[in-house]
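Protein chains: 2
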Amino acid sequence: MKEYQTYEKMLDEKQYNSLRSELLEENPADIAQLIENVPVEKAVLILRVLPKDVQAAVFAEVYSDTQQALIGLFSDTEIHFIIEELFLDDAADFIEEMPATIAKKILANATKETRDEINRLLKYPDNSAGTIMTVEYVDLKRGMTVRESFSRIRKTGTDKETIYTCYVTDSERRLEGVVTAKKLMLAEREEIIGDIMDTNIMLAQTYEDQEEVARRFNKYDLLSLPVVDSENRLVGIITVDDIADVIQAEATEDFEIMGGMAPSEKPYLKTSVFELFKNRIGWLVGLMILGMGTGIILKIFEDAMLAVPLLITFIPMLTDTGGNAGAQSSTLIIRGMAVSEITTQDFMKVAWKEIRISMMAGVVLAGVAFVRVIILSTGEADLYIKAAVISLTIIFTVFMSKLCGVALPMLAKKTKIDPAVMAAPLITTIVDACSLIMFFMIAKLFLGYLM
Amino acid sequence: MKEYQTYEKMLDEKQYNSLRSELLEENPADIAQLIENVPVEKAVLILRVLPKDVQAAVFAEVYSDTQQALIGLFSDTEIHFIIEELFLDDAADFIEEMPATIAKKILANATKETRDEINRLLKYPDNSAGTIMTVEYVDLKRGMTVRESFSRIRKTGTDKETIYTCYVTDSERRLEGVVTAKKLMLAEREEIIGDIMDTNIMLAQTYEDQEEVARRFNKYDLLSLPVVDSENRLVGIITVDDIADVIQAEATEDFEIMGGMAPSEKPYLKTSVFELFKNRIGWLVGLMILGMGTGIILKIFEDAMLAVPLLITFIPMLTDTGGNAGAQSSTLIIRGMAVSEITTQDFMKVAWKEIRISMMAGVVLAGVAFVRVIILSTGEADLYIKAAVISLTIIFTVFMSKLCGVALPMLAKKTKIDPAVMAAPLITTIVDACSLIMFFMIAKLFLGYLM
Numbered sequence: 161m162k163e164y165q166t167y168e169k170m171l172d173e174k175q176y177n178s179l180r181s182e183l184l185e186e187n188p189a190d191i192a193q194l195i196e197n198v199p200v201e202k203a204v205l206i207l208r209v210l211p212k213d214v215q216a217a218v219f220a221e222v223y224s225d226t227q228q229a230l231i232g233l234f235s236d237t238e239i240h241f242i243i244e245e246l247f248l249d250d251a252a253d254f255i256e257e258m259p260a261t262i263a264k265k266i267l268a269n270a271t272k273e274t275r276d277e278i279n280r281l282l283k284y285p286d287n288s289a290g291t292i293m294t295v296e297y298v299d300l301k302r303g304m305t306v307r308e309s310f311s312r313i314r315k316t317g318t319d320k321e322t323i324y325t326c327y328v329t330d331s332e333r334r335l336e337g338v339v340t341a342k343k344l345m346l347a348e349r350e351e352i353i354g355d356i357m358d359t360n361i362m363l364a365q366t367y368e369d370q371e372e373v374a375r376r377f378n379k380y381d382l383l384s385l386p387v388v389d390s391e392n393r394l395v396g397i398i399t400v401d402d403i404a405d406v407i408q409a410e411a412t413e414d415f416e417i418m419g420g421m422a423p424s425e426k427p428y429l430k431t432s433v434f435e436l437f438k439n440r441i442g443w444l445v446g447l448m449i450l451g452m453g454t455g456i457i458l459k460i461f462e463d464a465m466l467a468v469p470l471l472i473t474f475i476p477m478l479t480d481t482g483g484n485a486g487a488q489s490s491t492l493i494i495r496g497m498a499v500s501e502i503t504t505q506d507f508m509k510v511a512w513k514e515i516r517i518s519m520m521a522g523v524v525l526a527g528v529a530f531v532r533v534i535i536l537s538t539g540e541a542d543l544y545i546k547a548a549v550i551s552l553t554i555i556f557t558v559f560m561s562k563l564c565g566v567a568l569p570m571l572a573k574k575t576k577i578d579p580a581v582m583a584a585p586l587i588t589t590i591v592d593a594c595s596l597i598m599f600f601m602i603a604k605l606f607l608g609y610l611m
Numbered sequence: 161m162k163e164y165q166t167y168e169k170m171l172d173e174k175q176y177n178s179l180r181s182e183l184l185e186e187n188p189a190d191i192a193q194l195i196e197n198v199p200v201e202k203a204v205l206i207l208r209v210l211p212k213d214v215q216a217a218v219f220a221e222v223y224s225d226t227q228q229a230l231i232g233l234f235s236d237t238e239i240h241f242i243i244e245e246l247f248l249d250d251a252a253d254f255i256e257e258m259p260a261t262i263a264k265k266i267l268a269n270a271t272k273e274t275r276d277e278i279n280r281l282l283k284y285p286d287n288s289a290g291t292i293m294t295v296e297y298v299d300l301k302r303g304m305t306v307r308e309s310f311s312r313i314r315k316t317g318t319d320k321e322t323i324y325t326c327y328v329t330d331s332e333r334r335l336e337g338v339v340t341a342k343k344l345m346l347a348e349r350e351e352i353i354g355d356i357m358d359t360n361i362m363l364a365q366t367y368e369d370q371e372e373v374a375r376r377f378n379k380y381d382l383l384s385l386p387v388v389d390s391e392n393r394l395v396g397i398i399t400v401d402d403i404a405d406v407i408q409a410e411a412t413e414d415f416e417i418m419g420g421m422a423p424s425e426k427p428y429l430k431t432s433v434f435e436l437f438k439n440r441i442g443w444l445v446g447l448m449i450l451g452m453g454t455g456i457i458l459k460i461f462e463d464a465m466l467a468v469p470l471l472i473t474f475i476p477m478l479t480d481t482g483g484n485a486g487a488q489s490s491t492l493i494i495r496g497m498a499v500s501e502i503t504t505q506d507f508m509k510v511a512w513k514e515i516r517i518s519m520m521a522g523v524v525l526a527g528v529a530f531v532r533v534i535i536l537s538t539g540e541a542d543l544y545i546k547a548a549v550i551s552l553t554i555i556f557t558v559f560m561s562k563l564c565g566v567a568l569p570m571l572a573k574k575t576k577i578d579p580a581v582m583a584a585p586l587i588t589t590i591v592d593a594c595s596l597i598m599f600f601m602i603a604k605l606f607l608g609y610l611m
């Protein structure tokens with residue numbers, strides 16, 4: 161791909177033929193990047209030099225705000241061609257992101273058949289199998305020969321992803337079996353589909369969660385999976401490349417929740433400042449209000465604090481260490497459950513593991529803290545006792561933090577809350593309060609005579 | 161799949177034939193779960209009732225500690241059959257995880273050809289394209305007809321994932337073109353491969369990072385990609401289902417690093433307590449030592465603190481809010497860079513976005529904190545001034561935290577450090593120190609007469 165300016169220059173100099181032939185050498189995904197990076201008025205002109213099918217392929221690849229801008233500059237005829245050229249699932253994805261008035265205008269320019277199909281796709285709930293499936297697939301009948309099947313594939317096999325598994329349906333469109341392209345290629349031309357098809361079929365339901373479907377792909381190393389509606393009629397297929405997108409998107413969602421934000425489907429650079437603000441402020445205010453509990457605890461122990469000022473200087477180190485220890489455990493547990501490596505039934509096994517780890521980590525950290533207190537606070541009265549208080553608190557804090565890090569995500573899962581909510585931000589705030597209470601209780605026990 | 165006990169019982173009662181026929185109805189991934197959940201002595205017996213190819217398929221699916229236990233119970237002949245039946249990439253993955261003595265024993269039982277191939281695969285660096293590629297693929301010659309190609313596929317097309325794209329190579333095994341199965345199926349039987357092959361080929365290099373390769377799959381919606389060595393000879397192919405695994409594994413690695421741990425390739429439940437401890441203790445101790453800076457700052461401002469005890473009670477809320485605000489930004493930036501939605505060139509754009517968000521969030525949080533101080537601390541002298549100090553500090557802290565959350569991951573990327581290192585744990589510790597300095601400086605400015 162050349163520099164974007166090169167193509168802009170060719171456009172400005174009206175070298176449409178060379179622009180067209182140069183761009184036809186490129187992948188639609190690269191042309192889409194060019195479209196994103198030139199002013200939209202030029203983008204429309206660039207699209208217009210391309211053949212209809214390439215136009216549609218490029219259009220499907222650009223972000224929705226650019227799609228919206230382009231639609232604003234398209235004629236009704238152009239909108240009609242685009243919507244008819246797009247794969248139906250791409251068309252539905254695109255229209256879903258448009259404001260209602262624009263969506264209406266686009267659908268008005270589609271044929272009735274396309275409109276009905278798109279409306280059907282738009283009805284599936286977010287993140288369901290129905291929203292990621294491809295509705296173009298090859299369907300065969302059990303009575304066909306291999307030779308007849310080949311000629312049907314020749315007629316209907318439009319997209320690369322749709323022909324490698326063919327679906328055998330009855331007159332009601334209910335799934336009877338599957339035949340892979342491999343089997344067809346290796347079979348004799350006169351064999352009957354009903355004899356070579358595989359009837360042991362894995363299925364997905366339209367309303368099933370896409371994460372569940374992704375897990376099945378992962379576990380069984382599937383390349384594609386047929387999707388049926390509630391009456392068991394075949395309505396589409398999901399292919400492994402869609403699953404790669406699902407895995408990517410689900411991980412991003414978890415990163416966002418675990419980073420203390422409401423998840424967003426848009427890429428960062430395409431999200432407005434106000435939207436980003438809205439996604440974040442809820443968590444920030446909520447955690448702040450929750451964090452006020454810590455203030456109340458400090459207020460209660462104010463006398464103890466003021467009597468032994470050295471203790472105060474260790475508060476941030478103590479709460480941070482607790483937060484870090486808890487975050488480690490909760491991160492592993494949340495991720496483990498997300499990829500189905502850990503289930504809530506493993507609670508005892510996991511808790512016992514974390515208890516032993518917390519003991520080892522607690523002792524090491526307590527040792528480091530002890531040495532640090534001794535070295536940096538020489539001259540302080542009762543230094544060894546104070547150092548012991550801090551070290552002991554660390555052991556208890558790490559223990560409690562790791563246990564919270566295991567228990568809270570698993571409890572969330574059990575009660576159908578997204579475990580990702582129980583990640584570092586929330587754990588840190590909860591652990592803060594607990595570790596301070598422990599700190600002052602241990603201090604009172606050892607240094608009570610000072611307070 | 162029935163309960164694991166059912167199969168164990170059939171084994172105990174020596175009903176080998178029914179056990180065999182029942183298990184052959186199941187998917188190898190499910191049989192592998194059974195193998196994981198029965199004592200290893202029984203697992204071996206269960207494997208032995210299965211045909212060699214199913215044995216290998218199941219063996220490839222179990223975790224490496226179970227593989228090792230099974231190998232210990234296998235005879236040399238059994239080891240020979242397993243290693244020869246496994247796909248070469250699965251065999252290499254399996255041997256890589258074995259202790260050296262066992263690996264040697266296994267390789268000694270393989271044919272020379274298999275051994276050489278496996279040794280070649282084992283040489284590729286971790287996470288390189290070479291380690292995820294499949295070495296079984298269909299290669300055609302340009303002079304072949306479609307009919308001849310079909311009979312070659314019939315002879316060599318062993319695995320489902322290898323036949324949908326065929327590779328045309330010259331006598332030196334250099335890649336000349338690709339032909340998809342679709343093209344073959346749609347072509348006339350007497351057409352020549354050289355005439356229908358696509359010569360515009362995307363490639364991967366054996367030493368390329370798997371994340372880079374995954375990005376290319378994502379961007380261009382690829383189903384497979386040929387892998388060539390430094391002399392441009394075709395050595396394997398990568399298929400999209402391997403890419404789904406890469407995406408999953410890379411996300412897990414980032415979760416671990418961002419949770420403040422050294423990443424591990426093993427699933428949680430299969431990792432020993434000591435290993436988990438080792439992965440975590442480095443970060444915990446490092447962050448604790450770094451966090452001691454905060455203690456030093458508090459020590460410096462000890463007089464100010466003791467003069468206005470109310471301030472102390474707000475320290476945890478302040479540092480937590482800063483940490484949370486910074487974690488939100490860094491999470492989005494790190495993830496955005498991992499999925500190539502954000503590059504370091506976007507720094508100014510991103511920083512400007514975050515500055516505006518931090519202003520909005522800072523003002524809201526400051527308002528909440530102000531009200532909270534007024535309500536909960538009535539009766540305190542100079543209450544409004546103290547509340548103002550806290551609110552103002554929050555505004556500055558959020559501003560600075562969000563800026564750190566953008567700058568540190570991008571700086572890491574620029575200096576070739578993994579940006580995931582600059583996630584919540586480190587950001588929180590850095591922001592703690594900065595926010596405390598700000599807190600006391602603002603307090604001195606407003607409440608100087610008290611200190």
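Note that the protein sequences, when read in sequence, are chains A and B. Converting from the first sequence to my numbering requires adding 160 to each position, the first position being numbered 1. Converting from the second sequence to my numbering requires adding 160 to each position, the first position being numbered 1. The beta carbon of each residue, even a glycine, is placed where N, CA and C say it ideally should be. Since this is a predicted model, take the numbers as computed values, not measurements.
Could you say which of the options lies nearest to residue i if we only look at CA atoms?
i: B:Val298; options: B:Ile472, B:Ala485, B:Arg312; result: B:Arg312
i: A:Ala567; options: A:Ser490, A:Lys576, A:Ser518, A:Met598; result: A:Ser490
Whole angstroms are fine: how far does the CA of residue j sit from the CA of residue i?
i: A:Asp592; j: A:Thr454; result: 7 Å
i: B:Gln408; j: A:Ala498; result: 10 Å
i: A:Leu205; j: A:Ala263; result: 23 Å
i: A:Thr261; j: A:Phe254; result: 14 Å
i: B:Gly527; j: A:Leu436; result: 19 Å
i: B:Ala464; j: B:Lys604; result: 8 Å
i: B:Val445; j: A:Leu470; result: 21 Å
i: A:Ala289; j: A:Ala364; result: 7 Å
i: B:Glu425; j: B:Glu257; result: 11 Å
i: A:Arg208; j: A:Ser390; result: 42 Å
i: B:Asn392; j: B:Ala347; result: 29 Å
i: B:Asp578; j: B:Asp414; result: 9 Å
i: A:Ile493; j: B:Glu372; result: 28 Å
Do residue j and residue i count as a contact pair if the criterion is CB distance below 8 Å?
i: B:Gly303; j: A:Gln488; result: no
i: A:Leu171; j: A:Lys202; result: yes
i: A:Arg349; j: A:Thr305; result: yes
i: A:Ile502; j: A:Val510; result: yes
i: A:Ala189; j: B:Lys379; result: yes
i: B:Glu244; j: B:Ala268; result: no
i: B:Ser220; j: B:Val200; result: Sequence inspection shows Ala at residue 220 of chain B; the Ser mentioned does not correspond to that position. No, Cβ-Cβ distance for B:Ala220 and B:Val200 is not below 8 Å.
i: A:Ile195; j: A:Val222; result: yes
i: A:Gly608; j: A:Val558; result: no
Can you list the residues of chain A that residue i reaches, using a CB-CB cut of under 7 Å?
i: B:Ile472; result: Leu458, Met465, Ile472
i: B:Glu163; result: Those do not exist, as B:Glu163 stays about 15 Å from chain A at its closest Cβ, beyond 7 Å.
Short of 7 Å in beta carbon distance, which residues of its chain neighbour residue i, apart from the five on each side in sequence? Order them along the chain.
i: A:Cys564; result: Gly486, Ile587, Ile590, Val591
i: A:Pro585; result: Gly420, Trp443, Leu447
Enumerate in chain order the residues of its own chain whose CB-to-CB distance from residue i is below 8 Å, with the five nearest sequence positions on each side excluded.
i: A:Leu210; result: Arg180, Leu183, Leu184, Ile191, Val218
i: B:Leu543; result: Val533, Ile534, Ser537
Could you work out which residues of chain B lie near residue i, taking near to mean beta carbons separated by less than 7 Å?
i: A:Glu501; result: Pro427, Tyr428, Leu429
Going along chain B, which residues have a C-beta under 8 Å from residue i?
i: A:Leu183; result: What A:Leu183 touches in chain B: nothing, since even the nearest Cβ is about 14 Å away.
i: A:Val445; result: Val524, Leu525, Val528
Which bits of chain B does residue i rub up against, with CB to CB less than 9 Å?
i: A:Tyr380; result: Asn187, Pro188, Ala189, Asp190
For residue i, go through chain A and note every residue whose CB falls closer than 8 Å to its CB, in chain order.
i: B:Leu248; result: Those do not exist, as B:Leu248 stays about 16 Å from chain A at its closest Cβ, beyond 8 Å.
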